[in-house]
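Read left to right, the sequence shown gives residues 1 to 722 (the UniProt record's numbering). Built from N, CA and C at the ideal position, the CB exists for glycine as well. These numbers come from a predicted model, not from an experiment. Written below as structure tokens is the structure these notes are about.
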Amino acid sequence: MTFFKSLLLPTNLIQLNLIRFKQFTSIFITLFLVSCGGGSSGSPEIKLPPIEEPLNSVTEVPTNQILHAFFRDQDSSIGKLSGTVTIVAPEVIDSDPARVESVWAYWVDEQGNKQGDAWLKTMKESVYDLDIPEDTSIPENTNALLLLPINTIGQATKGTLIPFHDFIGNAELSGPGGNKVHTWDYGVGRKKISIQRTEEQGGLCIFDNGLVSITHMNNTKDEVGESYNRNELPNDINENAFPPYSFLCGTQPTHSEDMISDETGVWTYSTLNDAMFYGTLVYNSFVKYLGEPPLEDKIRIRVHYGQQYEQSAFWDGAYANFGDAYPLFYSMASLDIIAHEVGHGVLNRISDLNRFDHEISTDARTLHEAFGDISGVMAKYEFTGHSDNWIHGQENGGFIRHLDQIKTENGAIDSFLDYEEAGDNFYLRIGMITYPFYLLSNQWGIEPTYKVYLNSAKVCWSALTTLTEAAECIKQQAGVAGLSEEDVVEAFKVVKIKLFDQGVLSYFNAEKIKLRTQFTDDSRSTSQVVQWLWDFGDGQTSTEASPEHIFAESGSYPVKLTVTDQSDDQDTFERLIQVTDEYCSINSARVDKHITHVLIGDNNINYSSTAWDYTQMPIELIDPSNTIINIQGDTEVTERSTSWKVWIDLNDNGIYGDEVNELVVDEFVEEGQPYGLNTILDLSTLPRSSQAKFMRIIGDYAVFGPCSSSIGEALDLRVSWQ
């Protein structure tokens, strides 16, 4: 076969040929002597020595045993490649007749075609140790390697494809990073940042290392890209309009520009530095676990996107975009948030969950957000070396999600059986996917768990999938990976996603009226529940199916229900119950603007900016479908925007906003407008009640909730309608 022309003969084959050569030589000499001698009248019997075959010879063509492989270029020269190709494969067994004796590497073009002969081959003694030599030139139109196992019999029919990008980060950048709470210096305590440097203009540093590119948006927006996204279309890459950030530099570059600060201090030292550093970490993390670059092209990140106050962080199909969120948060471009947004691009590419290509279900959008959060955990794991990184968004001091809890954020659901409470907000169901990931990581390790989730995305997460179908897929891929499917069943059982054929899910509902709570069992069993044990979290218990309980005082109580069914299967469900006999008070912090006039319907409130409780005299709303709320203030031109929110405690439980329909007004007034609110309230769709309900009104720059207000910008009322 011409296939073996350039192949060096393995040692065992050379030894075999030497043995046969010696045997042939001995026979030839014996025959020669016999034919030339004259002392014997007859020809002696010639006994040939047995041919000794080497032990454990290879007799079969190998199969590709490579389980996973990845490569990240370490050569910073343009068009050059070097570094270790990491290969994960079973140990080669000497007695295997189809054992691999070498791995051959081929170049592959952009169409996936093999180019030329093998250019790199591993040694028999270390079959899976593959190092690309320094200064290796990348052939034109080439972006991948193909690895093919081989032995003396032949070559595997299937290989392993390893795409790569050309790393061009030929300069190491120093400079500050972080914010006023967490500060660091690249080059001191943290590694320097890999960027590109050219000799243009005497020295030009470019925030583009071939793997990641950073664009400074200067607080502008990409209006064209946003118009595409509004129509569910992906953005296009435009290097002319959005080039990578660059600055003049020397051979030992330092970048200390880009600070955001005010009279209170520094908010962000350099989002550009952080984004370049973190973006490269995110790239490396995805390469390790995917076995290929995260995106078809380099990661493109745009920072300082939109006006400074905008809390934007989104993937548009081409760029990951991050706003400043000043002065609410620190920069949105933290490590886990960058990984989250790039994760959307990854999931679009490797799975059927691409909203730019076709419609995807609400649950598929939940999978997107959960996958992004989990990818953020993995990026932090790669950076820190430990897996205790379960708070998403912690670095920027803003909104966070607790991925080690079922309820990841305020308003998130307690279980899959509370699905409808999240409405169309797919973020509130993230815990149905991330909490089982957390549990499985504690059992299997975080790396195997992430690989199972990745394979699930590739193999069986579909555009119209449900969360239950996604969980079934994870169970299936765990089995493929040789991990326990029962572990997956138990992990999803905790969030009340049923993957079992026989069993029970504990579950209950609670109706709160001040300190009294009516509990109702709603457990699900493949047989029938026969035992109940309630633990109310205050030292009291009950064995009734649906008990009523009165708590002694206001507080938060972890209420547990453990049920047992006829098959002796058991399960426990816990829900945090908050009870109160009074509403959260409005604080007395100083404010820079004040309400001066309040009109509710036809009722003019005798309002004072030093008081907030106007609940003594209930207000009857004559026309509930057309109730005017008119609020005026002492500021004609506001320096910042104003958020106005109005809640009504419809269930009379002392908590504003614990039900979605209790927020009856949510309006935004731009900066430069008078401080005030003029709106019409329609209460006709709400439950009618002759009993007066408590109402809270807040107008502030940033309203995070009904309990985050100050006197002068908020008030409480009682209203009734028929």
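CB-CB under 6 Å to residue 329, same chain, minus the five flanking residues each way: which ones, in chain order? 396, 397, 398
| query | Is it right to say residue 300 is buried, meaning 16 or more other beta carbons lie within 10 angstroms of its own, or is it exposed? | reply | buried
Nonlocal neighbours in the same chain, by C-beta distance under 8 Å from residue 8, ignoring five residues either side: Low local confidence applies: a pLDDT of 35 at residue 8 is under 50, so the model's placement there is unreliable, with the coordinate-based value given in what follows. If we look at residue 8 and ignore the five residues flanking it on each side, it has no Cβ neighbours.
Below 8 Å between beta carbons: does that hold for residue 523 and residue 506? yes
On the criterion of 16 or more Cβ atoms from any shown chain inside 10 Å, does residue 141 qualify as buried, or is it exposed? exposed
Segments assigned alpha helix (DSSP H), at least 4 residues, entirely inside the stretch 301-361: 335-350
request  = From the DSSP output, in three-state form, read off residue 134 for me.
outcome  = strand
* **Integer Cβ distance of residue 564 from residue 530, believed to fall under 8 Å** => 6 Å
Notebook entry, point to check: Between the stretch 412-426 and the stretch 475-486, do at least 3 Cβ pairs fall closer than 8 Å?
Noted result: no
*asked:* Tell me the rounded alpha-carbon separation between residue 722 and residue 688.
replied: 6 Å
Check your understanding: For the beta strand (DSSP E) that residue 768 lies in, which residues bound it at each end?
Key -> No statement about residue 768 is possible, as the shown extent of the chain runs from 1 to 722 and does not include it.
| field | DSSP-derived helix/strand/coil call for residue 557 | value | strand
Item checked: Beta-bridge partners of residue 620, as assigned by DSSP -> 720
*Bridge-paired residues (DSSP) for residue 205*: 197, 247
Check your understanding: Is residue 643 near residue 700, with beta carbons less than 8 Å apart?
Key -> yes
Original post:
Between residue 588 and residue 710, is the Cβ-Cβ spacing less than 8 Å?
Top reply: yes
- Query: Hey, out of 694, 490, 73, whose CA is closest to residue 164's CA?
  - Reply: 73
| Going by C-alpha distance, which of 647, 692, 131, 670 is nearest residue 705? | 647
Residues of its chain near residue 428, where Cβ-Cβ distance is below 7 Å and the 5 sequence neighbours each way are ignored: 411, 412, 413, 422
Report the rounded CA-to-CA distance for residue 342 versus residue 279, giving the unit in angstroms.
9 Å
inquiry  = Please tell me whether residue 107 and residue 121 are closer than 8 Å, where the distance is taken between their beta carbons.
reply    = no
TODO: For residue 393, I'd like the list of residues in its chain whose CB is within less than 8 Å of its CB, leaving aside the five on either flank, ordered along the chain.
DONE: 334, 336, 337, 399, 400, 401
Rounded to whole angstroms, how far is the Cβ of residue 203 from the Cβ of residue 168, which I believe are closer than 8 Å?
16 Å between Cβ atoms; not a contact.
Closer than 7 Å by C-beta to residue 660: which residues in its own chain qualify, once you throw out the five before and the five after it? Chain order, please.
423
key: Own chain, CB closer than 6 Å to residue 138, minus 5 neighbours either side, in chain order   = 79, 81
Query raised in the report: Is residue 498 close to chain C, meaning its C-beta is less than 8 Å from at least one C-beta of that chain?
Result: No chain C is part of this structure, which consists of one protein chain only.
query: At what residues does the beta strand (DSSP E) containing residue 521 begin and finish?
result: 516-521
- Query: Who pairs with residue 399 in a beta bridge, going by DSSP?
  - Reply: Partner(s): none; residue 399 has no beta bridge.
(Q) For residue 200 and residue 253, I'd like the C-alpha separation in whole angstroms. (A) 14 Å
query = Is residue 31 helix, strand or coil by DSSP?
reply = Because residue 31 carries a pLDDT of 37, less than 50, the predicted location of this residue cannot be relied on, and the following value inherits that uncertainty. Here residue 31 sits in helix by DSSP.
**Item:** residue 737 - partner residues in DSSP beta bridges
**Value:** Coverage of the chain is limited to positions 1 through 722, which leaves residue 737 absent and any answer about it impossible.
message: Please state whether the Cβ-Cβ distance between residue 621 and residue 717 is less than 8 Å.
response: no
Top-ranked residue by Cα proximity to residue 307, from 570, 246, 221: 221
- [ ] Return the bridge partner residues of residue 392 from the DSSP annotation.
- [x] 401
*Look at residue 234 and residue 215 and say whether their C-beta atoms are less than 8 Å apart.*
no
Looking only at C-alpha atoms, which of 572, 558, 339, 555 sits nearest to residue 533? 572
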